Every structure is written in C-alpha cells, then in structure tokens.
Amino acid sequence: MKLVLNFSMFLLAFFSLINESFSLTDYKIKRICEKEKRVYLCIKNLKEKRSDLQKGKLIEIPVKPHKR
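When you read off a place in the sequence shown, starting at 1, and then add 218, the result is the number in the working numbering.
Encoded structure:
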C-alpha cells in the first residue's frame, strides 16, 4: 500500500512539472547583462543558450563565485 502511494505521488509530481518552462525572458536577460563589460555579447550568448535549452540540447553553465 505504501509503495503504491509513493509511486502515485511520484507520478503526480512528475507530470505536474513536465510542461512548465523556466527559461529566461528577454527582460531578465537584459537585466543580467547590464553588469557585464560586453553587453551585446552577453545577450547574444544567453539567447543562444535559451534556444538550445528549449530544443533539448545540453548547455554548459559557468559558475561565478560569490563575492563577500
């Protein structure tokens, strides 16, 4: 019984999150790239990564260290 309950909860969570998209909007991309030296290049790269991600291709995301 517990196995069936866990499996049904897993399926419910899986199918409820499958159609959502968390891609960046153009406005968010512009706000992120305001701080960069090369704004146009930053916008171009983020838009390319967004389109690749929507097509299902793997993308590489750089990690920036947090400044104290």
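All C-beta atoms, glycine included, are put in the ideal place defined by N, C-alpha and C.
The structure presented is a predicted model; accordingly, all values stated were derived computationally and were not measured.
Residues of its chain near residue i, where Cβ-Cβ distance is below 7 Å and the 5 sequence neighbours each way are ignored
| i | result |
| --- | --- |
| I277 | K267, D270 and L271 |
Where residue i falls: helix, strand or coil (DSSP)
| i | result |
| --- | --- |
| V281 | coil |
| M219 | coil |
| K275 | coil |
| R286 | coil |
| K253 | coil |
| L242 | coil |
Exposed unless 16 or more other CB atoms sit within 10 angstroms - verdict on residue i
| i | result |
| --- | --- |
| I250 | exposed |
| I247 | buried |
Contacting residues, own chain, Cβ-Cβ under 8 Å from residue i (five flanking each side not counted)
| i | result |
| --- | --- |
| K275 | none |
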